[in-house]
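Engineer: Handing you a structure now.
Residue numbers (the numbering used here): 15 to 452.
Structure follows, in structure tokens:
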């Protein structure tokens, strides 16, 4: 009897040990499974980053390169009745249109960084012509931000990733499906998507973008969803007109900044005051000199934020005598328009021999030296970031491009404006590429 009890006790002990081992194995498998899932989440999240190295420009950089607003500006929009109404809405789109150089991107950056964050999960994309201009790029950036802020929503991307693999980031249909499923998830909460510069979206993809925004807006309204869009654009009829079908459902869908020229002009004056005070402090200008400069700038017609930015860069780069007469002389030659400012920036370069050289005559120089000389030649007209050259503004590219092929060479041109035909530019670039690889 005693032996039976001892045997039973031993067997029970062995069974408990086996059970303990089984529990540990199960826990280990669960831990491994969790780790694998976390690793998979990180892989999928990184997929939407669209960067292969630290040299690649990110969607954050396109926003952060934009100037911060000056205190007291953007109020024409922030106080607009349509914007206030949109803020109260649970869902729906809002389009802000305004002329070039009137601060749409500055406004968009301010909304993302300081206005909208408290009320919703905010995702943004700043379209950039010729560079960051596709719907796939936009959707990947939006999804990356959404999943970073709401990791639980990544499951919607993982499902699509299992079907499409890395090809997911090149499929607009699949990306739209991921976004739609994610924002409809109860864990998403209110989501605001900001798209800056719709006019710089690739023309061939604009219709797809608008069709999906319209579809999502209608669906969100019908299902009592909490998805909102806010977009900026130049006042092109083909873009503004595309929103007409939504007016019945969303009567306050459009804020035409081009009709707010007086209010915007007052805010541009604030920027002029701010920049004059800044220049006076840096250059130690007298009150009389400062007042003369401010008054002269405020008298210029058709003032825009971009013009102010260019004019003050011109003043700093040219230099002037810090007297009333000196400032008067500087004022007399100040550019009165953005085009005149671009002309003066590019006309500063005296290195005409560089333009005359053939491909065979060109010498290779160190990258930093080339970058420095390029900035010296082009001034504020361009910026260089991670080995890429960018125009200061979309209007800079438009300033150079000719509608038809110029009949004279660049050297014979008195003006830089519309001096480059795209066909001619493509031919030169193709020739340089062929020469490089031969």
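Using N, Cα and C, we set each Cβ at its ideal position, and we do this for glycine too.
Since we're looking at a predicted model, the values are computed, not measured.
Count the other C-beta atoms from every protein chain shown that fall within 10 angstroms of the C-beta of residue 22, then say buried if there are 16 or more, exposed otherwise.
Structural biologist: The residue given as residue 22 occupies position 8 in the chain shown. Residue 22 comes out exposed.
Engineer: Tell me the residue span of the alpha helix (DSSP H) that contains residue 1.
Structural biologist: An answer regarding residue 1 cannot be provided, because it is not within the stretch 15 to 452 covered by the chain.
Engineer: For residue 281, is the classification buried or exposed, using 16 other Cβ atoms within 10 angstroms of its Cβ as the cut-off for buried?
Structural biologist: Here residue 281 refers to the residue found at position 267 when the chain shown is read from its first residue. Result: buried.
Engineer: Please list the terminal residues of the continuous beta strand (DSSP E) segment that includes residue 347.
Structural biologist: The count along the chain shown starts at 1 and reaches residue 347 at position 333. It is not in any beta strand (DSSP E) - residue 347 carries neither H nor E in the DSSP assignment.
Engineer: Tell me the start and end of each unbroken beta strand (DSSP E) in the region 235-287 that is at least 3 residues and wholly inside, in chain order.
Structural biologist: Scanning the region 235-287 for uninterrupted beta strand (DSSP E) segments of 3 residues or longer gives 241-247 and 268-270, listed from N- to C-terminal end.
Engineer: How long is the line joining the alpha carbons of residue 403 and residue 395, rounded to whole angstroms?
Structural biologist: If you number the chain shown from 1, residue 403 lands on position 389. If you number the chain shown from 1, residue 395 lands on position 381. Looking at the two C-alpha atoms, the distance is approximately 10 Å.
Engineer: From the DSSP secondary-structure annotation, give me the bridge partner or partners of residue 192.
Structural biologist: For the purposes of this step, residue 192 is taken as residue 178 along the chain shown, with counting starting at 1. Bridge partners of residue 192: none, in fact.
Engineer: Based on Cα-Cα distance, which residue from 448, 80, 31 and 259 lies nearest to residue 323?
Structural biologist: Position 309 of the chain shown, counting from 1, holds the residue named residue 323. Residue 323 has its Cα closest to that of 80, out of 448, 80, 31 and 259.
Engineer: Can you tell me the Cβ-Cβ gap for residue 210 and residue 140, rounded? I've got them flagged as a contact below 8 Å.
Structural biologist: Stepping through the chain shown from its first residue, residue 210 is reached at position 196. Stepping through the chain shown from its first residue, residue 140 is reached at position 126. That pair is a contact at about 4 Å.
Engineer: Exposed or buried, which one is residue 250 when buried takes at least 16 other CB atoms within 10 Å?
Structural biologist: The residue you call residue 250 lines up with position 236 of the chain shown. Looking at its Cβ environment, which holds fewer than 16 other Cβ atoms inside 10 Å, residue 250 is exposed.
Engineer: Could you pull out every residue in the same chain whose Cβ sits closer than 6 Å to the Cβ of residue 113, ignoring the five residues on either side in sequence?
Structural biologist: Taking the chain shown and counting its residues from 1, the one referred to as residue 113 is at position 99. Around residue 113: 272.
Engineer: State buried or exposed for residue 331, treating a residue as buried only when at least 16 other CB atoms are found within 10 Å of its CB.
Structural biologist: Residue numbering aside, residue 331 sits at position 317 when the chain shown is read from its first letter. Its Cβ having fewer than 16 others within 10 Å, residue 331 is exposed.
Engineer: From 134, 259, 276 and 155, pick the residue whose C-alpha is nearest to that of residue 206; which is it?
Structural biologist: Along the chain shown, read from residue 1 onward, the residue named residue 206 stands at position 192. That would be 134, whose Cα lies nearest to the Cα of residue 206.
Engineer: Which residue comes first and which comes last in the beta strand (DSSP E) that contains residue 402?
Structural biologist: Here residue 402 refers to the residue found at position 388 when the chain shown is read from its first residue. First-last of the beta strand (DSSP E) with residue 402: 402-405.
Engineer: Using only the alpha-carbon positions, how far apart do residue 447 and residue 441 sit?
Structural biologist: By 1-based counting over the chain shown, the position of residue 447 is 433. By 1-based counting over the chain shown, the position of residue 441 is 427. Answer to the nearest angstrom: the Cα atoms are 10 Å apart.
Engineer: Do residue 318 and residue 290 have their CB atoms nearer than 8 Å?
Structural biologist: Taking the chain shown and counting its residues from 1, one reaches residue 318 at position 304. Taking the chain shown and counting its residues from 1, one reaches residue 290 at position 276. Cβ atoms of residue 318 and residue 290: not closer than 8 Å.
Engineer: Would you list the residues sitting across from residue 146 in a DSSP beta bridge?
Structural biologist: Taking the chain shown and counting its residues from 1, one reaches residue 146 at position 132. Beta-bridge pairing links residue 146 to 142.
Engineer: Helix or strand or just coil, what does DSSP make of residue 300?
Structural biologist: Walking along the chain shown from the start, residue 300 turns up at place 286. Residue state, collapsed to three classes: coil.
Engineer: For a quick check, are the C-beta atoms of residue 312 and residue 328 less than 8 Å apart?
Structural biologist: What you label residue 312 is simply residue 298 of the chain shown in a count that begins at 1. What you label residue 328 is simply residue 314 of the chain shown in a count that begins at 1. No, these two residues do not count as a Cβ contact at 8 Å.
Engineer: May I ask you to list the residues that DSSP assigns as paired with residue 397?
Structural biologist: Position 383 of the chain shown, counted from the start, is the residue given in the question as residue 397. Answer is 404, bridged to residue 397.
Engineer: From residue 439 to residue 52, what distance separates their C-alpha atoms?
Structural biologist: The sequence position of residue 439 within the chain shown is 425, counting from 1. The sequence position of residue 52 within the chain shown is 38, counting from 1. Their Cα atoms are separated by approximately 49 Å.
Engineer: Give me the residue from 283, 397, 157 and 335 with the minimum Cα distance to residue 315.
Structural biologist: Along the chain shown, read from residue 1 onward, the residue named residue 315 stands at position 301. Of the listed residues, the one whose Cα sits closest to residue 315 is 283.
Engineer: Compute the Euclidean distance between the alpha carbons of residue 410 and residue 443, then round it to the nearest angstrom.
Structural biologist: One-based indexing of the chain shown puts residue 410 at position 396. One-based indexing of the chain shown puts residue 443 at position 429. If you take the alpha carbons of residue 410 and residue 443, they lie about 19 Å apart.
Engineer: Excluding the 5 residues flanking residue 226 on each side, which residues of the same chain have their C-beta closer than 6 Å to its C-beta?
Structural biologist: To locate residue 226, count along the chain shown from 1; it is residue 212. Counting only Cβ-Cβ distances below 6 Å, and skipping sequence neighbours, we find 190.
Engineer: Rounded to whole angstroms, what's the CA-CA distance from residue 93 to residue 78? Just pull it up for me.
Structural biologist: Working through the chain shown from its first residue, we reach residue 93 at position 79. Working through the chain shown from its first residue, we reach residue 78 at position 64. Approximately 25 Å between the Cα atoms of the pair.
Engineer: How big is the Cα-Cα spacing for residue 131 and residue 417?
Structural biologist: Translated into positions along the chain shown, residue 131 becomes position 117. Translated into positions along the chain shown, residue 417 becomes position 403. Approximately 43 Å, taken between the alpha carbons.
Engineer: On a Cα-Cα basis, can you pick out the residue from 163, 154 and 445 that is closest to residue 175?
Structural biologist: In the chain shown, counting from the first residue as 1, residue 175 sits at position 161. Residue 175 has its Cα closest to that of 154, out of 163, 154 and 445.
Engineer: Could you pull the start and end residues of the beta strand (DSSP E) that residue 209 belongs to?
Structural biologist: Position 195 of the chain shown, counted from the start, is the residue given in the question as residue 209. Looking at the DSSP string, the run of the beta strand (DSSP E) that includes residue 209 is 205-210.
Engineer: Can you tell me which of 298, 345 and 152 puts its alpha carbon nearest to the alpha carbon of residue 309?
Structural biologist: Locating residue 309 in the chain shown gives position 295, where the first residue counts as 1. For residue 309, the nearest C-alpha among the options comes from 345.
Engineer: Which residues bound the alpha helix (DSSP H) around residue 129?
Structural biologist: Counted from its first residue, the chain shown places residue 129 at position 115. From DSSP, residue 129 is part of no alpha helix (DSSP H); its letter is neither H nor E.
Engineer: Would DSSP call residue 449 helix, strand or coil?
Structural biologist: Position 435 of the chain shown, counting from 1, holds the residue named residue 449. Residue state for residue 449 is assigned as helix, using DSSP reduced to three classes.
Engineer: Does the Cβ of residue 306 have 16 or more other Cβ atoms within 10 Å, making it buried, or fewer, making it exposed?
Structural biologist: Here residue 306 is taken as the residue at index 292 of the chain shown, counted from 1. Residue 306 is buried by the Cβ-count criterion.
Engineer: For the alpha helix (DSSP H) that contains residue 116, what are its first and last residues?
Structural biologist: Position 102 of the chain shown, counted from the first residue, corresponds to residue 116. No alpha helix (DSSP H) contains residue 116, which DSSP labels as neither H nor E.
Engineer: Assign residue 423 to buried or exposed, taking buried as 16 or more other Cβ atoms, counted over all protein chains shown, within 10 Å of its Cβ.
Structural biologist: Within the chain shown, residue 423 is the residue found at index 409, counting from 1. Caution is warranted here: a pLDDT of 49 is assigned to residue 423, below 50, making its placement in the model unreliable, and the coordinate value is therefore given only provisionally. Using a 10 angstroms sphere on the CB of residue 423, the tally of other CB atoms stays under 16, which defines it as exposed.
Engineer: Starting from the C-beta of residue 13, find all residues in its chain whose C-beta is less than 7 Å away, skip the five residues before and the five after it, and write them out in chain order.
Structural biologist: Because the chain here runs from 15 to 452, residue 13 falls outside it and cannot be looked at.
Engineer: By how many angstroms is the C-alpha of residue 338 removed from the C-alpha of residue 214?
Structural biologist: Working through the chain shown from its first residue, we reach residue 214 at position 200. Working through the chain shown from its first residue, we reach residue 338 at position 324. About 43 Å.
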